[in-house]
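Asks: In this text, residue positions in the sequence shown follow my numbering: the first is 299, and each later residue adds one.
Every residue gets a Cβ at the ideal spot worked out from N, C-alpha and C, and that includes glycine.
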Amino acid sequence: MRLPGLIDPHVHLREPGATHKEDWDTGTSAALAGGFTLVLAMPNTQPPVTDAATLNMALDAARSKARCDYAQFLGAGPDNADWDRPTGLPLQAAGLKMYLDQTYGPLRLDDMTLWQEHFKHWPKERPIVAHAESRTMAAVILMAAIYDRPVHIAHVSLREEIMLIKAAKERGIKVTCEVTPHHLFLSQDDIPALSGATAGSVVEERPSAATVQKTVGVRSGQSEVRPRLATKEDVDALWQNLDVIDCFATDHAPHTLAEKDGENPPPGFPGLETMLPLLLTAVDAGPFGFAQGRLLTLDDLIQKMVINPRRIFSLPEQPETWVEVDENATYEIRAAQTHSRCGWTPFEGWQVKGRVRKVVLRGKTAFEDGKVLVEPGYGRNIREK
Ligand code: NCD
Ligand code: ZN
Ligand code: ZN
Numbered sequence: 299m300r301l302p303g304l305i306d307p308h309v310h311l312r313e314p315g316a317t318h319k320e321d322w323d324t325g326t327s328a329a330l331a332g333g334f335t336l337v338l339a340m341p342n343t344q345p346p347v348t349d350a351a352t353l354n355m356a357l358d359a360a361r362s363k364a365r366c367d368y369a370q371f372l373g374a375g376p377d378n379a380d381w382d383r384p385t386g387l388p389l390q391a392a393g394l395k396m397y398l399d400q401t402y403g404p405l406r407l408d409d410m411t412l413w414q415e416h417f418k419h420w421p422k423e424r425p426i427v428a429h430a431e432s433r434t435m436a437a438v439i440l441m442a443a444i445y446d447r448p449v450h451i452a453h454v455s456l457r458e459e460i461m462l463i464k465a466a467k468e469r470g471i472k473v474t475c476e477v478t479p480h481h482l483f484l485s486q487d488d489i490p491a492l493s494g495a496t497a498g499s500v501v502e503e504r505p506s507a508a509t510v511q512k513t514v515g516v517r518s519g520q521s522e523v524r525p526r527l528a529t530k531e532d533v534d535a536l537w538q539n540l541d542v543i544d545c546f547a548t549d550h551a552p553h554t555l556a557e558k559d560g561e562n563p564p565p566g567f568p569g570l571e572t573m574l575p576l577l578l579t580a581v582d583a584g585p586f587g588f589a590q591g592r593l594l595t596l597d598d599l600i601q602k603m604v605i606n607p608r609r610i611f612s613l614p615e616q617p618e619t620w621v622e623v624d625e626n627a628t629y630e631i632r633a634a635q636t637h638s639r640c641g642w643t644p645f646e647g648w649q650v651k652g653r654v655r656k657v658v659l660r661g662k663t664a665f666e667d668g669k670v671l672v673e674p675g676y677g678r679n680i681r682e683k
């Protein structure tokens with residue numbers, strides 16, 4: 299079966315600054331292995347990407363190391379909202395990322411007057427993406443309404459969030475959203491197993507790593523992710539409202555196993571190499587009992603992983619680009635077989651149906667039978683003229 303090259307609008311490639319977790323080479327290799335030919339990289343690096351100097355740091359690394367196509371987000375900070383200066387900087391970026399709740403990295407904006415400054419000055423022809431959970435999400439949707447410009451909500455995980463986005467869309471507010479595979483396939487019921495505990499341990503609602511550690515007495519970093527894994531009811535609500543979800547995005551957020559199992563584990567799951575097989579398995583079998591009545595179709599996948607992200611983020615078509623999938627291949631997910639540097643996956647041992655066999659990117663075979671075949675530097679910055 300042949301699919302178009304997939305687009306992941308939300309990945310963390312960790313370069314500059316944390317290349318022991320991932321870099322432009324390993325991250326884009328993982329992308330190709332997962333069927334992605336274009337990824338949009340987040341700015342919460344070290345240093346964070348917030349101006350011309352740091353954007354060039356990231357893009358210089360990408361130029362020599364990326365194996366698939368890409369663009370880089372700029373991050374909204376306390377003193378860089380003057381985007382309409384004649385630098386043209388925003389046009390060189392994938393879009394503007396606003397971190398409005400606590401997550402990994404230093405970029406976080408609390409003051410809503412700063413949000414307004416960014417909404418006022420960021421050019422309308424480039425997207426704004428917000429990490430905004432629950433009531434913070436409601437607040438940023440209000441900004442979009444006030445300034446009458448689009449906002450894209452990252453990693454929606456809660457029933458109350460998807461219902462609010464649905465209502466906002468019905469009112470004509472320009473809001474779009476993405477959902478990650480881990481919020482579709484995992485709930486807080488999986489936290490004990492991810493933490494290495496036996497199933498059935500009781501944990502409170504939306505527990506923190508520290509709470510799980512106290513409750514089940516194990517290392518729990520491998521269940522830490524932002525937004526936190528939610529309830530089964532939240533997961534069901536996402537499956538029930540697939541038509542409200544514009545994109546599937548991995549939020550590929552690699553941290554090493556040592557970091558995940560250590561003190562103060564950083565939040566984040568890798569996802570580039572497991573999203574397509576998980577979704578294809580859901581298409582094939584019905585989503586593991588989660589979706590009562592709502593089935594995912596192949597057409598949904600193409601809409602949410604190619605057509606919609608291309609429109610929302612103003613991305614070009616990639617000529618002579620496609621993915622060959624063996625839709626009948628059944629196998630177990632194994633971190634040992636992945637290309638990401640982080641070395642683990644929350645889906646270890648999951649049985650999936652549907653394997654990426656070959657990826658052709660701009661006329662060249664970029665991946666085939668487990669091997670990445672294009673050199674570092676083959677990837678292009680799609681924002682470069
Ligand atoms: C992300 C990371 O590690 O950079 N972590 C996460 O849990 N999702 C940050 C983010 O996307 O919020
Ligand atoms: Zn986030
Ligand atoms: Zn993220």
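Is there contact here, the region 406-416 with the region 389-397, by at least three beta-carbon pairs under 8 Å?
Replies: Yes, since at least three Cβ pairs between the region 406-416 and the region 389-397 fall closer than 8 Å, the two stretches touch.
Asks: In this structure, how does DSSP classify Tyr256 when only helix, strand and coil are distinguished?
Replies: One cannot answer for residue 256 here, as it falls past the ends of the chain, which runs 299 to 683.
Asks: Please state whether DSSP places Pro425 in a helix, a strand or coil.
Replies: Residue numbering aside, residue 425 sits at position 127 when the sequence shown is read from its first letter. In the structure shown, Pro425 sits in coil (DSSP, three-state: anything other than H, G, I, E or B).
Asks: What are the start and end residues of each continuous beta strand (DSSP E) run of 3 or more residues lying completely inside the region 337-419, in chain order?
Replies: You should have 367-370, 394-397.
Asks: Whole angstroms is fine: what's the gap from Asp377's alpha carbon to Ala535's?
Replies: As a first step, residue 377 is located in the sequence shown; it is residue number 79 there, counting from the start. As a first step, residue 535 is located in the sequence shown; it is residue number 237 there, counting from the start. Using only the alpha carbons, I get a separation of about 38 Å.
Asks: Which two residues bound the contiguous beta strand (DSSP E) that contains Glu666?
Replies: In the sequence shown, residue 666 corresponds to position 368, counting from 1. Start and end: 662-666.
Asks: Can you give me the C-alpha to C-alpha distance between Ala282 and Glu561, rounded to a whole angstrom?
Replies: Residue 282 is absent from the model: the chain starts at 299 and stops at 683.
Asks: DSSP three-state call for Asp549: helix, strand or coil?
Replies: On the sequence shown, position 251 is the one that residue 549 refers to. DSSP places Asp549 in coil when its eight states are reduced to three.
Asks: Comparing C-alpha positions only, which one of Ala437, His416, Asp582, His553 sits nearest to Gln649?
Replies: Within the sequence shown, the letter at position 351 stands for residue 649. Minimum Cα distance to Gln649 is reached at Asp582.
Asks: Out of Leu599, Asp349, Asp559, Phe371, which has the shortest C-alpha to C-alpha gap to Arg383?
Replies: In the sequence shown, counting from the first residue as 1, residue 383 sits at position 85. Among Leu599, Asp349, Asp559, Phe371, the Cα nearest to that of Arg383 belongs to Asp349.
Asks: Examine ligand 3 and report whether any of its heavy atoms sits within less than 6 Å of the Cβ of Ala391.
Replies: Position 93 of the sequence shown, counted from the first residue, corresponds to residue 391. Incorrect: Ala391 has no Cβ contact closer than 6 Å to ligand 3.
Asks: Considering just the uninterrupted stretch of the beta strand (DSSP E) at Gly325, what are its terminal residues?
Replies: Looking up residue 325 in the sequence shown gives position 27. Here Gly325 belongs to no beta strand (DSSP E); instead the alpha helix (DSSP H) covers 322-331.
Asks: Could you give the uninterrupted runs of the beta strand (DSSP E) lying entirely in the region 616-672, keeping only those of 3 residues or more?
Replies: The region 616-672 contains these whole beta strand (DSSP E) runs: 620-630, 649-659, 662-666.
Asks: For Arg678, which residues in the same chain have their Cβ closer than 6 Å to its Cβ, ignoring the five residues on either side in sequence?
Replies: Counted from its first residue, the sequence shown places residue 678 at position 380. Asp367.
Asks: Under three-state DSSP, which class holds Asn679?
Replies: Counting from 1 along the sequence shown, the entry for residue 679 is found at position 381. Asn679: strand per DSSP, three-state reduction.
Asks: Please indicate yes or no: does the CB of Val523 lie closer than 6 Å to some heavy atom of ligand 1?
Replies: Stepping through the sequence shown from its first residue, residue 523 is reached at position 225. The answer is yes for Val523.
Asks: Might you give, ordered along the chain, the residues of its own chain that have their beta carbon closer than 6 Å to the beta carbon of Arg655, omitting 5 neighbours on each side?
Replies: Sequence index remark: in the sequence shown, residue 655 carries index 357 (1-based). Glu622, Asp624, listed in sequence order.
Asks: Comparing C-alpha positions only, which one of Trp381, Lys418, Ala452 sits nearest to Ile543?
Replies: Counted from its first residue, the sequence shown places residue 543 at position 245. Minimum Cα distance to Ile543 is reached at Ala452.
Asks: Might you give, ordered along the chain, the residues of its own chain that have their beta carbon closer than 8 Å to the beta carbon of Val438, omitting 5 neighbours on each side?
Replies: Here the question's residue 438 lines up with position 140 in the sequence shown. Cβ within range, chain order: Met396, Leu398, Trp413, Ala428, Ala430, Val449, Ile451.
Asks: When you compare each of Trp322, Lys530, Met435 to Gly675 by their alpha carbons, which one comes out closest?
Replies: The residue you call residue 675 lines up with position 377 of the sequence shown. When each option's Cα is compared against that of Gly675, the closest is Trp322.
Asks: Which residue comes first and which comes last in the beta strand (DSSP E) that contains Leu593?
Replies: Translated into the one-based positions of the sequence shown, residue 593 becomes position 295. From DSSP, Leu593 is part of no beta strand (DSSP E); its letter is neither H nor E.
Asks: With a threshold of 6 Å, establish whether the CB of Asn562 neighbours any heavy atom of ligand 1.
Replies: In the sequence shown, the residue the question calls residue 562 occupies position 264. Flag unset: Cβ of Asn562 not near ligand 1.
Asks: Can you tell me whether Val500 is buried or exposed, with buried defined as 16 or more other CB within 10 angstroms of its CB?
Replies: As a position in the sequence shown, residue 500 is number 202, starting the count at 1. For Val500, the predicted model reports a pLDDT of 47, less than 50, meaning its position is unreliable; a value from the coordinates is still stated below. With fewer than 16 other Cβ atoms within 10 Å, it is exposed.
Asks: How big is the Cα-Cα spacing for Ile605 and Leu613?
Replies: On the sequence shown, residue 605 is found 307 positions in, with the first residue counted as 1. On the sequence shown, residue 613 is found 315 positions in, with the first residue counted as 1. Each residue's Cα considered, the two are about 10 Å apart.
Asks: Just checking Thr478 against ligand 1 - is the residue's beta carbon closer than 6 Å to any of the ligand's heavy atoms?
Replies: Mapped onto the sequence shown, residue 478 falls at position 180. False, no ligand heavy atom lies under 6 Å from that Cβ.
Asks: Can you pull the DSSP bridge partners for Asp306?
Replies: Along the sequence shown, read from residue 1 onward, the residue named residue 306 stands at position 8. Answer is Val337.
Asks: Which residues mark the beginning and the end of the alpha helix (DSSP H) in which Val533 is found?
Replies: One-based indexing of the sequence shown puts residue 533 at position 235. First-last of the alpha helix (DSSP H) with Val533: 530-538.
Asks: Give the DSSP-derived three-state secondary structure of Thr474 in the structure shown.
Replies: Taking the first residue of the sequence shown as position 1, residue 474 is located at position 176. Strand at Thr474.
Asks: Check His453 in the structure and name its three-state DSSP category.
Replies: Taking the first residue of the sequence shown as position 1, residue 453 is located at position 155. His453: coil per DSSP, three-state reduction.
Asks: Would Ala360 be called buried (16 or more neighbouring beta carbons within 10 Å of its own) or exposed?
Replies: The residue you call residue 360 lines up with position 62 of the sequence shown. Burial call: buried.
Asks: Just the C-alpha distance for Thr385 and Lys418, rounded to the nearest angstrom, thanks.
Replies: What you label residue 385 is simply residue 87 of the sequence shown in a count that begins at 1. What you label residue 418 is simply residue 120 of the sequence shown in a count that begins at 1. Straight-line Cα distance between these residues: approximately 17 Å.
Asks: Can the beta-carbon of Ala528 be found less than 7 Å from the beta-carbon of Ser638?
Replies: Position 230 of the sequence shown, counting from 1, holds the residue named residue 528. Position 340 of the sequence shown, counting from 1, holds the residue named residue 638. Not in contact: Ala528 and Ser638 (Cβ atoms no closer than 7 Å).
Asks: Looking only at its own chain, which residues have a Cβ that is under 6 Å from the Cβ of Thr628, when we skip the five neighbours before and after it?
Replies: Taking the sequence shown and counting its residues from 1, one reaches residue 628 at position 330. So the list reads Lys651, once near-sequence residues are dropped.
Asks: Determine the contact status of Pro479 and Gly569, defining contact as a CB-CB distance below 7 Å.
Replies: Counting from one through the sequence shown, the residue named residue 479 turns up at place 181. Counting from one through the sequence shown, the residue named residue 569 turns up at place 271. Their beta carbons are under 7 Å apart, which means Pro479 touches Gly569 by this criterion.
Asks: Enumerate, from N- to C-terminal direction, the unbroken alpha helix (DSSP H) stretches of 4 or more residues contained entirely within the region 562-586.
Replies: Runs found: 573-583.
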